[in-house]
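Residue numbers (the UniProt record's numbering), protein chains in the order written: chain A, 1 to 629; chain B, 1 to 629.
All C-beta atoms in this analysis are idealised placements derived from N, C-alpha and C, irrespective of residue type, glycine included.
Protein chains: 2
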Amino acid sequence: MVLKVVTPTPSDIDIAQAAVPLPIKDIAAGLGLGEDDYDLHGQKMAKVKLSVLDKRQGGGNGKYIVVAGCTPTPLGEGKSTTTVGLCQALGAHLNKRVITCIRQPSQGPVFGIKGGAAGGGYSQVIPMEEFNLHMTGDIHAITAATNLLAAAIDVRCFHEATQSNDALFNRLCPANQDGSRRFAPIMRRRLEKLGIDKTDPNELTPEERAAFVRLDIDPATITWRRVLDTSDRFLRGITIGQGPQEKDMTRSTGFDIAVASEIMAILAVTTSLRDMRERLGRIVIGSSRAGQPVTADDIGVGGALTVLMKDAIQPTLMQTLEETPVLVHAGPFANIATGNSSIIADQIALKLAGPDGYVVTEAGFGADIGAEKFCNIKCRYSGLAPDCMVIVCTVRALKMHGGGPPVVAGKPLDHAYKTENVELVRAGCCNLAKHIANARSWGIPVVVAINRFATDTEGELEAVRQAALEAGADDAAVAQHHGLGGEGAVDLARAVMGACEKPAAFKFTYPLDISLKEKVESIARNIYGAGAVEFSPEAEASLEVYSRQGFGGLPVCMAKTQYSFSTDPTAKGAPSGFTFRVREVRVAAGAGWIIALCGDMMMIPGLPTRPAFYEIDIDPETGKILGLS
Amino acid sequence: MVLKVVTPTPSDIDIAQAAVPLPIKDIAAGLGLGEDDYDLHGQKMAKVKLSVLDKRQGGGNGKYIVVAGCTPTPLGEGKSTTTVGLCQALGAHLNKRVITCIRQPSQGPVFGIKGGAAGGGYSQVIPMEEFNLHMTGDIHAITAATNLLAAAIDVRCFHEATQSNDALFNRLCPANQDGSRRFAPIMRRRLEKLGIDKTDPNELTPEERAAFVRLDIDPATITWRRVLDTSDRFLRGITIGQGPQEKDMTRSTGFDIAVASEIMAILAVTTSLRDMRERLGRIVIGSSRAGQPVTADDIGVGGALTVLMKDAIQPTLMQTLEETPVLVHAGPFANIATGNSSIIADQIALKLAGPDGYVVTEAGFGADIGAEKFCNIKCRYSGLAPDCMVIVCTVRALKMHGGGPPVVAGKPLDHAYKTENVELVRAGCCNLAKHIANARSWGIPVVVAINRFATDTEGELEAVRQAALEAGADDAAVAQHHGLGGEGAVDLARAVMGACEKPAAFKFTYPLDISLKEKVESIARNIYGAGAVEFSPEAEASLEVYSRQGFGGLPVCMAKTQYSFSTDPTAKGAPSGFTFRVREVRVAAGAGWIIALCGDMMMIPGLPTRPAFYEIDIDPETGKILGLS
């Protein structure tokens, strides 16, 4: 299909609804997928089976391109749109085999502030309604699994508090009529952890029984929170257990948005069904009163969590406005998790693209966060190495970094952003330069994508291009895919193809065999530009506990603002020499990292006074959805 | 496929997993459905489009059979299994065109106490894993919609408490650069309710502005609760709003299980997309401080709720073990809602079955609840009338009603239930007789299905058959579909076919134009056998409020125990002359009924000490699910 581009650019939903998607089985056939390789979800989406990967184990990989961004304004600089537009250019205009790997958005913001996340303008994933709503149910599965574990934790504490060891034992391993008992297979995991190798429950000593039946969770240490995929601020802080039957066993806790769940984080980094089963079982929900980590498998629920996630592990095949294939999979928070789409989707895409093809995957937030985690966490777990990093920037963002007035969502842009000011742009390129230097520190060829807005002038664009090349970028290109579709990103696509041919020597920022503190310091100093790193006493204590519990060899996932290299969102440009403070440390043992929280993290957004849902409705005659943005 | 029956009967999951389902498109083709009539969800499920109904508007309906039960023991008497087995007999053994309409089960009990609900033995819906887990996402959509409305309520109260009328107005109808403003289309619904016909926001008087922007919800009247499809007892009673940003606007509330949501109730009784849109908008979440009902459309979210439910309105096509078609749709609570599968599924099934075919639909709980609501609520909203009612009973349940010892889930059955005792059975048939009399009061031919267990004797079975015929049943048949599949229910099927040929003169228990109290009294006296009906002062007050608010013309949905005709679950048999007490009254304005709560209702179950999830896992090599029951 050739895009019929209209000026001025219509609304995202008008463009998306005017498009007639190809039957997804045609998109699948174009990738060499047979009908046994996927499950249709309607005519326009399909879940791709993991067996596809097994079948192509011997085949070569495509070129692996990660799209990251400069430090953004609160309006966003078009990273998803560029990811999609670049693929439309590669696939529909340069006739390359290309697959886009992109995250599933949360439903919360769709009905709240942000609207959808399918790209924008003439660079979108369609159908945008499915993409922004339930899609193929992956986030709902994560919600179900997260909340099943939460329910299991509180009810276990309740039953342990109200039952003797013998009563617990009789319920956990009920006697048959002949007095025989059996362990459920999952119980053997806990027995193994306890160093008990008996297979007959009746042979446990009283001490072994006690250790087996009593997890003795310290309620004050429970870090597992419930989730909903709804922007519900009134669930941030709640007290549970106030029903008349719960015997005053109340507890303070709260809900996070579903995409902030560790189970979402696991989905994004898992590499197989077996790996996911093990990761889900390893999730640490808190500690026993004796200070031992308590896991999902200790509670007996790791298998059930995997069963709930059995379909979610399959990426969803969709398409762009120019009929190029897209794999949508996972959507982890970019602060407490990786903010990257899934390893499994990238792995499948790389095989389906093959040696002559391209896979473009997106890293959320600014490159200091999304790309750093892509390199140090995602690639570490996948064993993959990128061939090229694209850094998306805008004249608007660089002006802000150069000292322009604050950019605030929902308020009119200052005049400075609508008129030419080359000096302001040049001053802001320090931000871009630092991101380029970081990319080079990972040994990856880097291309700067200048996402052009209508108010940008040739002088401003050229200033960015020059600054990018001076900072060590392999290439830089102006792109207009929002208004033109893939045709607007052909220069960018050529630049990327060129960079992919350059030698890459991928390396991590830090090795795993240094201390957790040293890992945090390595990221803070080398990637953020910090001069000093401080840990709060609570953070120090947690680091000590987690190291003692055996988690010292994990990588570190930084939770910090995306609006600055530092922890101060107002520090624009490329600050350096600042003191970087770590407030709190948590473990995500299933996902496989230690989280260093630096500043306040919003774990569930709220709805504004006039949420996006005011415009959303359905035409009852045609079923057409109205007002999604 | 011919069932290969093994004795003793293997476990449900072993039978289900040994079966090879037909491709669902073949099942669809057998019903005359073309590829445009459904959306595949994998190879084994499809969502049937509502346009199917439009296309067949002129065609005749099949025979309409509702399966209800005698007052059950806590173990259940096999109503779902009989529903499925009867259809396997009609379709696979008597070569009739037949469609089963059945509810989607909640995920909560799947991982908790009850296990799955796909029928049992050789009478099951397959694949049972999909049926018992996410299926095609309908319950997840209900969860999302219910919680979006909940979030919108609390945040609206928050914003109204912290903003002036002008600030609210400026946010709800923001001014364009030229000062012009517009109402979102959904706002016109509130304006209409307020009697304001202005179309330009700037023309509102200050009083009109105030009325428009300020819903003034009285937090104490909010009845809308959040939901999860998880058995999480610690969410029964909670306090929300305790996060630091919520300014101490805390509130006591709680979560219900998703299937107890009014949105699930709406899904079960809606008749079209347009009807669903209107019902969702009409949902009353509480009252203003002035005593006016506040609706989802007042909050501006009725359209968004419909968008979230756009796919859930389509029934899911599956199949039985003997390749007969099944429509799975909705799964409303049987106490505070109808406990029946959806009107839309029944409507579609009746058209697809056609004049020579049969549709078998199930009514949850005992017939005093499920069948009563089927007749007085479901059929009232659908305009359909049943041709036959099947009442499922067991020797076990009738012995209990005859004075046998208590039957307790999880404890061994008393000897009385395993040895012949014809007198005990005969004594308990009073329960069956009352259910038969009720069916006759609705003017429906009635067939008793005696669900045979291995320990039942010929004498016991014959006693039930005799009692059924004496009580006025049109026929009675012993059925062994659990162990034999459809072959075991051929006699039952023949009896049902015969009854369907008898003249029916369907009538409701009560008309709509009497008072709400009179409706409750009519059900309590005529269907339950009560001698007197009492309303608590709170119930009296609510009835007065709801009548004043314009809800007096709605039917009544009784929320009472399924373990007795009375509100005392220990009163077995057919008690009469008792005083029936209504504790509390609520409105479900979207679903379209007044709920009369009689006794304590458990709105979200808990997990036992050893939940079903201990046995549930996945084989990471094959993806095979283990331990579901």
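Put residue i into one of helix, strand or coil per three-state DSSP.
i, result
"B/S164", "coil"
"B/V392", "strand"
"A/H41", "strand"
"B/Y417", "helix"
"B/D218", "coil"
"B/D275", "helix"
"A/Y64", "strand"
"A/N176", "coil"
"residue 683 of chain A", "An answer regarding residue 683 of chain A cannot be provided, because it is not within the stretch 1 to 629 covered by chain A."
"A/Y510", "coil"
"A/I283", "coil"
"B/S288", "strand"
Quick one: what's got a C-beta closer than 6 Å to residue i's C-beta in the same chain, skipping five residues either side?
i, result
"B/A211", "L194"
"A/V448", "I391, A468, A473 and A476"
"B/I196", "E208"
"residue 633 of chain A", "Since the first residue shown for chain A is 1 and the last is 629, residue 633 of chain A is missing from the structure and cannot be characterised."
"A/G364", "A334, G339 and G370"
Mind checking whether the beta-carbon of residue i lies closer than 8 Å to any heavy atom of the ligand NAP?
i, result
"B/K418", "For the structure depicted, the ligand NAP is absent and the ligand set is empty, with no information on it obtainable."
Hey, would you say residue i sits closer than 9 Å to residue j, going by beta carbons?
i, j, result
"A/G488", "A/A89", "yes"
"A/Y614", "B/I186", "yes"
"B/N61", "B/L350", "yes"
"B/I142", "B/M309", "yes"
"B/F111", "A/L280", "no"
"B/N335", "B/I369", "yes"
"A/C557", "A/V582", "no"
"B/G42", "B/P325", "no"
"B/T270", "B/I343", "yes"
"residue 636 of chain A", "A/V520", "Residue 636 of chain A lies beyond the stretch modelled for chain A, which goes from 1 to 629, so this question has no answer here."
"B/R190", "B/G69", "no"
"A/R236", "B/E621", "no"
"B/S287", "B/V52", "no"
"B/I618", "A/G303", "yes"
"A/A337", "A/M264", "yes"
Given a threshold of 16 other Cβ atoms within 10 Å of its Cβ, counted over all protein chains shown, does residue i qualify as buried or as exposed?
i, result
"A/P511", "exposed"
"B/A539", "buried"
"B/R548", "exposed"
"B/K507", "exposed"
"B/P611", "buried"
"B/V284", "buried"
"A/G403", "exposed"
"A/Q57", "exposed"
Can you give me the Cβ contacts of residue i inside the same chain, cut-off strictly under 8 Å, excluding the 5 residues immediately before and after it?
i, result
"B/C500", "K63, I65, Y358, D387, C388 and P445"
"A/T82", "V67, S123, V390, V392, A449, N451, A479, H481, A489 and L492"
"A/G32", "L352"
"A/R426", "G402, A463 and A467"
"B/L40", "I24, K25 and A46"
"A/L461", "V395, I450, R452 and V478"
Round the Cβ separation of residue i and residue j to the nearest angstrom and send it over; I've been treating them as touching at under 8 Å.
i, j, result
"B/T100", "B/T320", "7 Å"
"A/R282", "A/G590", "5 Å"
"B/F131", "B/V307", "Not a contact, Cβ separation roughly 26 Å."
"B/G592", "B/L554", "6 Å"
If I measure Cβ to Cβ from residue i and keep anything under 7 Å in the same chain, skipping five residues before and after, which residues do I get?
i, result
"A/Q242", "T250"
"B/I527", "D368, E372, N438 and T509"
"B/L607", "G112 and S231"
"B/P219", "C157 and R251"
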